[in-house]
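In what follows, a structure is listed as structure tokens, so that the remarks can point back to it.
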Amino acid sequence: MHQSPYEAPDFYTDAIAAGRHRDIVGGRWDETGRAQMAALLAAGLAPDHHLLDIGAGSLRLGHRVVPYLAQGHYWATDASRALMMAGYRLELEDASRLNPRQLIQDARFEFPRISLAITHAIAFAVFPHLPMAYLRRAFVNLGKFEALEQFLFTVFLAPNAELGARPYRQPDGVVTHDIRAPYHMLESDVHHLAQGWDVTRMDQILPRGQVLFVARPVR
């Protein structure tokens with residue numbers, strides 16, 4: 002069994018060939034992209050900041066934030082570079098504002114070849130598709146960005162350990178699970194995984210009932 006549906010053979014190739022580059026990143030393209038941008042602006046993202054978009058997919062956020070940021074200040078990772086390049090070709094209003102070399106394939110949250118000037122990072126609707134150890138890995142490897150001010154990420158939560166041990170229906174109707182995708186976790190799990198970070202749960206209502214957290218490194 003795959004840890005994530007995105008790991009199925011030829012998943013990305015077939016979806017991109019069928020013109021489904023928007024659909025496979027969770028649907029609700031416009032709604033979710035607006036929510037991502039709003040969260041970043043609320044966190045104080047300014048044009049001179051440097052953003053790392055983790056799990057960028059087909060640039061659902063990227064096509065909004067690239068025109069906002071100073072040129073060269075957007076970096077993105079995803080398990081599929083082909084999916085990011087589909088977004089680059091089809092979704093950017095002005096592709097000259099983004100160097101495609103800043104779209105980096107990275108399925109292991111190692112963040113290779115990313116500018117160390119990164120001040121903000123976001124992983125929106127990424128960790129619900131993966132076991133929670135990936136969130137720990139992200140926290141650990143984001144530690145190399147000494148200029149990083151904030152890391153925004155979303156997860157599904159279960160209210161307690163008893164309910165978390167079985168399928169749980171989220172407020173928006175999606176059913177989440179503890180040992181298969183889409184995954185949920187406990188709020189205490191988030192804090193346990195984020196050792197060395199100051200983590201705040203935000204109160205925005207997000208698509209599909211995801212919960213937004215903002216983490217700031219403790220230095």
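Numbering (the working numbering), first residue to last: 2 to 220.
Cβ atoms here follow ideal geometry from the backbone N, Cα and C, with glycine treated the same way.
Given this structure, state the Cα-to-Cα distance separating Pro132 from Gly56, to the nearest angstrom.
15 angstroms
Under the rule that 16 or more other beta-carbon atoms within 10 Å means buried, what is Gly144, buried or exposed?
exposed
Among Phe214, His130, Leu117, which residue has its Cα nearest to the Cα of Ile206?
Phe214
Indicate whether His185 and Ala118 have their beta-carbon atoms separated by less than 8 angstroms.
No, these two residues do not count as a Cβ contact at 8 angstroms.
What's the gap between the Cα of Pro113 and the Cα of Ser97?
23 angstroms
Should the stretch 59-77 be regarded as contacting the stretch 85-101, the criterion being three or more beta carbon pairs within less than 8 angstroms?
yes
Am I right that Arg90 and Leu104 are in contact with their C-beta atoms under 8 angstroms? What's the rounded C-beta distance?
At roughly 11 angstroms, the Cβ-Cβ gap does not stay under 8 angstroms, so Arg90 and Leu104 are not in contact.
Under DSSP, the alpha helix (DSSP H) around Val191 begins and ends at which residues?
188-194
What's the C-alpha gap between Val200 and His192?
7 angstroms
Would Leu53 and Ile115 qualify as a contact pair, given that the criterion is a beta-carbon distance under 8 angstroms?
yes
For my contact list, Trp198 and Phe140 are in at a C-beta cut-off of 8 angstroms; report their separation, rounded to the angstrom.
Going by Cβ atoms, the distance from Trp198 to Phe140 rounds to 6 angstroms, so yes, they are a contact pair.
When the Cα atoms are used, what is the spatial distance from Gly45 to Leu70?
12 angstroms
Given this structure, state the Cα-to-Cα distance separating Ala216 from Ala87, to the nearest angstrom.
30 angstroms
Any idea what DSSP makes of His185, helix, strand or coil?
strand
In the DSSP assignment, find the beta strand (DSSP E) that holds His121 and state where it starts and stops.
Per DSSP, His121 is one residue of the beta strand (DSSP E) stretching across 121-124.
Going by alpha carbons, who is nearest to Arg102 out of Thr177, Phe110, Met85?
Met85
Do you know whose CA, among Met203, Ala39, Phe128, lies nearest Arg181's CA?
Phe128
Please classify Gln37 as buried or exposed, where buried requires at least 16 neighbouring CB atoms within 10 angstroms.
Gln37 comes out buried.
Alpha carbon to alpha carbon, what distance is there between Arg170 and Trp30?
22 angstroms
Report all residues from its chain with a CB closer than 7 angstroms to the CB of Pro183; omit the five preceding and five following residues, and keep chain order.
Pro129, His130, Phe157, Val175, Thr177
Run through DSSP, which three-state label would Pro113 get?
In the three-state reduction of the DSSP assignment, Pro113 falls in the coil class.
Near Arg137, which residues of its chain fall below 7 angstroms by C-beta distance, leaving aside the five closest residues on each side in sequence?
If we look at Arg137 and ignore the five residues flanking it on each side, its Cβ neighbours are Leu194.
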